[in-house]
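To keep things clear, I will list the structure first and then write my remarks on it.
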Amino acid sequence: MWQGLEVFLAVVEQGSFSKAADKLETSTSYVSRQIQQLEKRLGTTLIQRTTRTQNLTDAGRQYASKLKAIQQELVDATNLVQGVQNTPKGQIRIAAAGEFVANQVAPQIASFLKRYPEVSIEIDFNNRNVDLVEEGFDLAIRFGRLQDSNLIARKLCARPMTWVVSKDYQSVHGRIRHPYELHQHNCLCATQGRWRFMICEQIEEIKVTGNWRSNNSFALINACLASLGVAHLAKDIVQPYVEQGKLEYILEPFQVNDGATWLVYPRKDLMPYRVRLLIEFLIESFALPS
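Under the working numbering, the first residue of the sequence shown is numbered 116, with each subsequent residue one higher.
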């Protein structure tokens, strides 16, 4: 059952049969033969060969992803038995987005690395909803309301949303006293054109429109500072601008307080010890009073 798996993973990691053979200190023909036998047992092609290149097929990529998870589980099991869990090692890949992660979470991860210097961190900042297992990520840091999935989610911290405008905007366009008035205003939108409000003790979504759309919080803030319209953002992001008198909160009685930043990861039985350690470290760090 296990024959050829080490060879296959070596080819995946090294990118070619010859480099895999060098790493394993064997011949290229032996590597090729092992891959052929493995593909025959599985009944599918894992690596598409040409005279110059070897590329993984879709089946090969999926198989490699699962094998790497199993391989890491074996390493973690060995570490557990040998009692070396106090010195975690290896890479943690994180998918994230937003200024909050860059400014608030990343410094905590840096502190984690100071404590465990044999761990390495890769943070991929993007707004895409990545497939953690398929793309080889250990952990995602996400903001907002989570969609149902087979992933585990733990709240890192609460981050309520709010609405802000500049004084100049309100002086020209009038004060906004109710969410139903937003159809008369320019709304600076992020990824969605619907905002949620608590109206008569029920959450209601209202469609909004405007001539500025961006998935970057500071781009929205700058548009708001330029008196272009109303922005809907996490309160911790806009708080400094309100304190400086550059922006004003509006519609506060209608605020929905379910915004949060989450740590999202695959089920725990596939989690390396170093990832589990980082998750607990972050949860504890944000639970401490600031």
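All C-beta atoms in this analysis are idealised placements derived from N, C-alpha and C, irrespective of residue type, glycine included.
This one's a predicted model, so the numbers in the text were calculated from it and none came from an experiment.
Item to complete: Would you check if the segment 211-231 and the segment 185-194 touch, i.e. whether three or more CB-CB distances between them fall below 8 angstroms?
Response: The segment 185-194 vs the segment 211-231: no contact.
Worksheet item: Can Glu358 and Gln285 be called in contact, C-beta distance under 8 angstroms?
Response: Contact flag unset, no.
Worksheet item: At which residues does the beta strand (DSSP E) containing Val280 begin and terminate?
Response: Counting along the chain, the beta strand (DSSP E) containing Val280 begins and ends at 276-280.
Worksheet item: In terms of DSSP beta bridges, what is Glu363 paired with?
Response: Bridge partners of Glu363: Val280.
Worksheet item: Would you call the CB atoms of Gln169 and Phe132 closer than 8 angstroms?
Response: Result yes, Cβ atoms of Gln169 and Phe132 sit closer than 8 angstroms.
Practice prompt. Would you identify the three-state DSSP class for Ile60, choosing helix, strand or coil?
Written response: One cannot answer for residue 60 here, as it falls past the ends of the chain, which runs 116 to 405.
Worksheet item: Should Thr376 go down as buried or exposed, given a rule of 16 or more other Cβ atoms within 10 Å for buried?
Response: When all chains shown are included, Thr376 counts as buried.
Worksheet item: What did DSSP end up calling Gln223 once you bin it into helix, strand or coil?
Response: Reduced to three states, the DSSP call for Gln223 is helix.
Worksheet item: So, helix, strand or coil for Cys315, using DSSP?
Response: Cys315: coil per DSSP, three-state reduction.
Worksheet entry | Ordered list of alpha helix (DSSP H) runs contained in the segment 303-353, each at least 4 residues | Listed in chain order, the complete alpha helix (DSSP H) runs (minimum 4 residues) inside the segment 303-353 are 332-340.
Worksheet entry | Among Ala402, Glu399, Leu393, the one whose alpha carbon lies nearest that of Val234 | Here the closest residue by C-alpha is Leu393.
Fill in: For Glu237, three-class secondary structure by DSSP
Residue state for Glu237 is assigned as strand, using DSSP reduced to three classes.
Worksheet item: Do the segment 346-353 and the segment 224-244 make contact, defined as three or more Cβ pairs closer than 8 angstroms?
Response: The segment 346-353, when compared against the segment 224-244, does not touch it at the 8 angstroms Cβ threshold.
Worksheet item: Between the segment 245-265 and the segment 210-218, are three or more C-beta pairs nearer than 8 angstroms?
Response: Yes, the segment 245-265 touches the segment 210-218.
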